[in-house]
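Novice:
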Ligand SMILES: Nc1ncnc2c1ncn2[C@@H]1O[C@H](COP(=O)(O)OP(=O)(O)OP(=O)(O)O)[C@@H](O)[C@H]1O
Ligand SMILES: [Mg+2]
């Protein structure tokens, strides 16, 4: 809608996944490195968690692209884990390209085991990736644990990657998942972008969409960071709305006021990141004042003063003796 107004060839802040717009912040790069290492080294179980909109699914698409370009890796990608156990195993088989015969769970499992053994003989790794894993029902989690038992005497047959929102960590920390928890060999928590990364992220998107001049002022970017907390999905939404607002007001440069306005319309508040620091500072201040008052009422400062005075007298006498 506003693209030509800003001299862009397309919308830079579309929330649809487009690999051209991929930006890997430090945390994204680390998560990717762990995932690639875990798969390559057949680490078995890998868990990645991150807040809503931090880029988990985007990262997984990128991982899939990388893995699918590798002849020695086969992947099954489950993006909606709300399935029954039977559907789940059937889905994995289909995604791996195995034609399924039979209807019972035992038959499906038999097919899967055979497939995994053959893949192992061909020196192929098989990876099951589950996105939105915070939505896995306990019985599916248990099934996944059992799948992780499929192994030869030398190696795991199936690498499993669970990716989800922080509730996944909570679920896994419950006593009933103790066994599964013990099997997790790599764990990583994806963080939001830093301020510097937020700026690079916005600049990259604008550049790819064809911008030749900066559109957001530095203060506007700071405000976007404050309101989004560095979460890519929120950055996109704020930027998109701010561009639309600028277009409506015939302003080619977006300033912090505009960002504030659209964030208020979107009901986004600045992330209370610094609140923790303020609480700590206030508590230290109160503690300091109370401590001071306590020592004062106990006569500690008077005692110190007397001691210091006595010390000075002593030094004075010493100097007098030396000079007389
Ligand atoms: N690394 C990235 N590079 C470019 N764009 C990104 C990146 N990460 C996220 N985005 C943008 O933010 C949007 C939301 O990201 P994504 O869907 O991957 O988040 P998520 O963590 O999977 O969210 P949810 O917890 O809701 O599943 C994406 O559609 C994309 O536009
Ligand atoms: Mg997602």
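Numbering (our numbering), first residue to last: 51 to 374.
Even for Gly, the Cβ is constructed at its ideal location relative to N, Cα and C.
Mind checking which residues open and close the alpha helix (DSSP H) that includes residue 96?
Specialist: Locating residue 96 in the chain shown gives position 46, counting from the first residue. That residue, residue 96, is in no alpha helix (DSSP H); its beta strand (DSSP E) goes 95-100.
Novice: Taking residue 202 as the reference, which of 171, 72, 215 and 257 has the closest Cα?
Specialist: Mapped onto the chain shown, residue 202 falls at position 152. Of the listed residues, the one whose Cα sits closest to residue 202 is 171.
Novice: Going by alpha carbons, who is nearest to residue 62 out of 261, 344 and 274?
Specialist: By 1-based counting over the chain shown, the position of residue 62 is 12. Closest by alpha carbon: 261.
Novice: Exposed or buried, what is residue 286 when buried is set at 16 or more other beta-carbons lying within 10 Å of its beta-carbon?
Specialist: Position 236 of the chain shown, counted from the start, is the residue given in the question as residue 286. Buried: at least 16 other Cβ atoms inside 10 Å.
Novice: What whole-angstrom Cβ distance do residue 143 and residue 176 have, given they're in contact under 8 angstroms?
Specialist: Counting from one through the chain shown, the residue named residue 143 turns up at place 93. Counting from one through the chain shown, the residue named residue 176 turns up at place 126. Wrong, their Cβ atoms sit about 11 angstroms apart, outside the cutoff.
Novice: Give me every residue whose Cβ sits closer than 7 angstroms to any heavy atom of ligand 2, in chain order.
Specialist: This criterion selects 106, 107, 181 and 182.
Novice: Would you say residue 279 touches ligand 1, meaning its beta carbon is less than 7 angstroms from a heavy atom?
Specialist: For the purposes of this step, residue 279 is taken as residue 229 along the chain shown, with counting starting at 1. Checking the 7 angstroms criterion, the Cβ of residue 279 is out of range of every heavy atom belonging to ligand 1.
Novice: Can the beta-carbon of residue 254 be found less than 8 angstroms from the beta-carbon of residue 73?
Specialist: In the chain shown, residue 254 corresponds to position 204, counting from 1. In the chain shown, residue 73 corresponds to position 23, counting from 1. Yes, they are a contact pair.
Novice: To the nearest angstrom, how far is it from the Cα of residue 98 to the Cα of residue 211?
Specialist: Walking along the chain shown from the start, residue 98 turns up at place 48. Walking along the chain shown from the start, residue 211 turns up at place 161. Straight-line Cα distance between these residues: approximately 8 angstroms.
Novice: At what residues does the beta strand (DSSP E) containing residue 239 begin and finish?
Specialist: If you number the chain shown from 1, residue 239 lands on position 189. Its beta strand (DSSP E) spans residues 234-240.
Novice: Please name the residue, chosen from 194, 359, 116 and 60, that lies closest to residue 87 on a Cα-to-Cα basis.
Specialist: Your numbering for residue 87 matches position 37 in the chain shown. When only C-alpha atoms are compared, the closest one is 116.
Novice: I need the straight-line Cα distance from residue 217 to residue 224, nearest angstrom please.
Specialist: For the purposes of this step, residue 217 is taken as residue 167 along the chain shown, with counting starting at 1. For the purposes of this step, residue 224 is taken as residue 174 along the chain shown, with counting starting at 1. Rounded to whole angstroms, residue 217 to residue 224 spans 11 angstroms at the Cα level.
Novice: Helix, strand or coil: how does DSSP classify residue 214 here?
Specialist: Residue numbering aside, residue 214 sits at position 164 when the chain shown is read from its first letter. Assignment of residue 214 by DSSP, reduced to helix, strand and coil, places it in the strand class.
Novice: Please go through the same chain and pick out, in chain order, the residues whose beta-carbon is closer than 8 angstroms to the beta-carbon of residue 332, but skip the five residues on each side of it.
Specialist: Start at 1 with the first residue of the chain shown, and residue 332 comes out as number 282. Nothing meets the Cβ criterion.
Novice: Confirm the yes/no value for this check: CB of residue 62, any heavy atom of ligand 1, distance under 7 angstroms.
Specialist: Against the chain shown, residue 62 aligns to sequence position 12. Distances between the C-beta of residue 62 and the heavy atoms of ligand 1 are all 7 angstroms or more.
Novice: Near residue 206, what residues of its chain come up, given a Cβ to Cβ distance below 6 angstroms and the 5 sequence neighbours on each side ignored?
Specialist: Taking the chain shown and counting its residues from 1, one reaches residue 206 at position 156. Excluding residues within five positions, the ones whose Cβ falls inside 6 angstroms are 92 and 94.
Novice: Tell whether a beta-carbon distance below 8 angstroms holds between residue 181 and residue 236.
Specialist: Within the chain shown, the letter at position 131 stands for residue 181. Within the chain shown, the letter at position 186 stands for residue 236. No, Cβ-Cβ distance for residue 181 and residue 236 is not below 8 angstroms.
Novice: For residue 202, verify whether its CB is less than 7 angstroms away from any heavy atom of ligand 1.
Specialist: For the purposes of this step, residue 202 is taken as the residue at position 152 of the chain shown. With a cutoff of 7 angstroms, residue 202 does not count as near ligand 1, since its C-beta is closer than that to no heavy atom of the ligand.
Novice: What number of angstroms, rounded off, separates the C-alpha of residue 183 from the C-alpha of residue 273?
Specialist: As a position in the chain shown, residue 183 is number 133, starting the count at 1. As a position in the chain shown, residue 273 is number 223, starting the count at 1. Here the C-alpha atom of residue 183 lies approximately 32 angstroms from the C-alpha atom of residue 273.
Novice: Whose CA, out of 164, 248, 127 and 263, lies closest to the CA of residue 288?
Specialist: What you label residue 288 is simply residue 238 of the chain shown in a count that begins at 1. For the residues 164, 248, 127 and 263, the minimum Cα distance to residue 288 belongs to 248.
Novice: To the nearest angstrom, how far is the alpha carbon of residue 83 from that of residue 345?
Specialist: Here residue 83 refers to the residue found at position 33 when the chain shown is read from its first residue. Here residue 345 refers to the residue found at position 295 when the chain shown is read from its first residue. Approximately 54 angstroms between the Cα atoms of the pair.
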